[in-house]
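Engineer: Each residue of the sequence shown is one higher than the last, beginning at 22 in my numbering.
Cβ atoms here follow ideal geometry from the backbone N, Cα and C, with glycine treated the same way.
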Amino acid sequence: MNFRKNQPSHTLTINNSADYHPFLLSVYIMVLIIGTICLCLTKLTTKPASPTTIAVLNLIFSHFIFLLTVPFRIYYYSVHDWSLGLTFCRVISSMIHVHMYMSFLFYVIIIITRLLDPKHFAILAVLLCGLWCWLLFHVWVSTVYGTKVDLIKSTNGTGHCFRFASNIDFTAKVFNYIVSTIIIVVTVVLTALQAKVFLGIMSKGPLDIEFRSARRSMCFALIMMVSFIPYHIFRLYYLQHLDLENLNEVFLSLTTLNCLDMLTFLGKRSRPCQICFFTVLI
């Protein structure tokens, strides 16, 4: 394993990173346990093929892939040392970003599909969107394997992972500014549109089938707002203050709470959990 000596300006940040580990550990343990349970139950309640169902299945599969990497994050934040190699560190580190962007794309597809007339949104179109998303996923992973990133060795000799602030150059900053801005704008616009539709349908009564569909879409929109917006707003600030890398990891961990969106797929059985979930977050 190739380590490089940490720069003095980052020494304090590295040594203080362990202070954030208990919070990060609790978040990832909760996500892993609840996410795994929901994943098993959701598998039993999947309905026949439809444009929305196809997008939902892709979303669930992206959660499944990410949950496979969570135990390694729990391991790192438990022992405060990374000894599994540089390449594996890059893969595990990148998966949280891949999961976030993939989830965002599928949320957008699901909400737009329900906002538009289903007759004008063919299953083939959703399939093509799904294939395109997974193609981007493949390109991302390939890029990660080809990226030169050094593991950091702190003053006490322990190996650190998920610390790549020193590798963010000007091009990466511009790219992140653009992506974060797009996600913030799209999320706010879709949430506003979905809220307008939801309030309009509410007048028809809570027993209406259309109302239940709109309610689930509203849940997705709120999950996007709660899980993604705080991180991307903070990231716009973080890109100019890379010494806040530890705090960035905290905000990044909150994006994984969107794995709990599978509670919305469980029907009436999960209603108390849904209420608790949104109450805690909001």
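Using 8 Å as the threshold, is the C-beta distance between Thr208 and Met239 below it?
Structural biologist: As a working mapping, residue 208 is identified with position 187 in the sequence shown. As a working mapping, residue 239 is identified with position 218 in the sequence shown. No, the Cβ-Cβ distance between Thr208 and Met239 is not below 8 Å.
Engineer: Alpha carbons only, please: which of Ser124, Arg236, Leu126 and Ile54 is nearest the one belonging to Ile222?
Structural biologist: Within the sequence shown, the letter at position 201 stands for residue 222. Of the candidates Ser124, Arg236, Leu126 and Ile54, the one whose C-alpha sits nearest the C-alpha of Ile222 is Arg236.
Engineer: Using the rule of at least 16 other Cβ atoms within 10 Å of the residue's Cβ for burial, across every protein chain shown, is Asp282 buried or exposed?
Structural biologist: For the purposes of this step, residue 282 is identified with residue 261 of the sequence shown, where counting begins at 1. Flag for Asp282 reads buried.
Engineer: Using C-beta distances below 6 Å, list every residue in its chain close to Glu231, excluding the 5 sequence neighbours before and after it, in chain order.
Structural biologist: Here residue 231 refers to the residue found at position 210 when the sequence shown is read from its first residue. Correct list, in chain order: Ile222.
Engineer: Which stretch, first to last residue, makes up the alpha helix (DSSP H) that contains Phe185?
Structural biologist: In the sequence shown, residue 185 corresponds to position 164, counting from 1. Phe185 -> no alpha helix (DSSP H), and no H or E assigned at all.
Engineer: What does a CB cutoff of less than 7 Å around Tyr41 pick up in its chain, not counting 5 residues either side in sequence?
Structural biologist: Reading the sequence shown from its first residue, position 20 is the one you call residue 41. Cβ within range, chain order: Asn267, Glu270 and Val271.
Engineer: Run the CB neighbour count on Thr73, radius 10 Å, all protein chains shown included, and call it buried at 16 or more, exposed below.
Structural biologist: Here residue 73 corresponds to residue number 52 of the sequence shown, with the count starting at 1. Buried.
Engineer: Sorted by chain position, which residues of the same chain lie with C-beta nearer than 8 Å to Leu263's C-beta, five sequence neighbours on each side aside?
Structural biologist: As a position in the sequence shown, residue 263 is number 242, starting the count at 1. Only Ala186, Ser187 and Ile189 meet the Cβ criterion.
Engineer: Are Tyr97 and Ser274 close, meaning C-beta to C-beta below 8 Å?
Structural biologist: Taking the sequence shown and counting its residues from 1, the one referred to as residue 97 is at position 76. Taking the sequence shown and counting its residues from 1, the one referred to as residue 274 is at position 253. No; because the gap between Cβ atoms is not below 8 Å, this pair is not in contact.
Engineer: Would you mind sorting Ile113 into buried or exposed? The rule is 16 or more other CB atoms within 10 Å of its CB.
Structural biologist: Taking the sequence shown and counting its residues from 1, one reaches residue 113 at position 92. By the neighbour-count rule (16 or more Cβ atoms within 10 Å), Ile113 is buried.
Engineer: What did DSSP end up calling Pro293 once you bin it into helix, strand or coil?
Structural biologist: Position 272 of the sequence shown holds residue 293. For Pro293, the predicted model reports a pLDDT of 46, less than 50, meaning its position is unreliable; a value from the coordinates is still stated below. Pro293: helix per DSSP, three-state reduction.
Engineer: Does Val100 pass the burial test, meaning 16 or more other C-beta atoms within 10 Å, or should it be called exposed?
Structural biologist: Walking along the sequence shown from the start, residue 100 turns up at place 79. Under this definition Val100 is an exposed residue.
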